[in-house]
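Let me begin by presenting the structure, written as structure tokens, before commenting on it.
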Amino acid sequence: MGKEMTTCKYVEELAAHIRNAFAAARKQCGGTEAAKMAGNTNYQTQEAVWLYCPVNKGKRNRKFAIPWTGPFEIIQQVSGVNYRIQRIGSPRRTQLVHLNRLKRYRRDGQFNTKLRTYCPRLVWAEVDRGLEGTSTPAVVSQRPRRKRNPPTRYNDYILY
1 MGKEMTTCKY VEELAAHIRN AFAAARKQCG GTEAAKMAGN TNYQTQEAVW LYCPVNKGKR
61 NRKFAIPWTG PFEIIQQVSG VNYRIQRIGS PRRTQLVHLN RLKRYRRDGQ FNTKLRTYCP
121 RLVWAEVDRG LEGTSTPAVV SQRPRRKRNP PTRYNDYILY
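Quick note: the sequence shown, position 87, residue 87 per the UniProt record's numbering, numbers continuous.
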């Protein structure tokens, strides 16, 4: 049969095996979900950031609420994960916030996006049959559309 052991010894061995299994699984998966979802960890002082404020719980419509407010300026790093910030427009009030509630503020020239150019859609239509009975393809462009101006609150975001 197997080796004889007491109940306490068995429980200790089983707990050690379970801890080892969890450690191996955590190492294989690449860490915890919180560590994966953590934002930028190296903000500098005088850097502009957005502040995440959870949606107002008292209001009925949370769909159109804007959770990111700002821009704010980082005054100092209080600890490894806490920063003291103030709103750029009004320097009177400061807030102490956690790193996970901050997101880098990007100004207009800081986006790395390509400008889209208009390319007409090719439509193969028969234009002229000519004397030989051949047809030539024609390029028909899309119908012109009105210029769409997004709301001013989306000026800091990239719209596709």
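By construction, the Cβ of each residue, glycine as well, lies at the ideal position given by its N, Cα and C atoms.
Problem set entry | Straight-line Cα distance separating A48 from N20 | The C-alpha of A48 is placed about 43 angstroms away from the C-alpha of N20.
Problem set entry | Three-state secondary structure (DSSP) of K63 | In this structure, K63 counts as coil in the three-state DSSP scheme.
Exercise. Going by beta carbon distance, what residues of the same chain come within less than 6 angstroms of A65, once the five residues before and after it are set aside?
Worked result: If the five residues before and after A65 are omitted, its C-beta is found closer than 6 angstroms to the C-beta atoms of V55, all from its own chain and listed in chain order.
Problem set entry | Option nearest R107 by Cα separation, candidates G70, N100, V78, S79 | When only C-alpha atoms are compared, the closest one is G70.
Exercise. In whole angstroms, what is the alpha-carbon distance linking R145 and R153?
Worked result: When rounded, the distance between both Cα atoms is 23 angstroms.
Exercise. Looking only at its own chain, which residues have a Cβ that is under 8 angstroms from the Cβ of T45, when we skip the five neighbours before and after it?
Worked result: For T45, where only same-chain residues beyond five positions count, the Cβ hits under 8 angstroms are I74, I75, Q76, Q77.
For this session: Under the assumption that L51 contacts R101 (Cβ atoms under 8 angstroms), give the Cβ distance between them as a whole number of angstroms.
Result: Contact flag correct, Cβ pair sits at about 6 angstroms.
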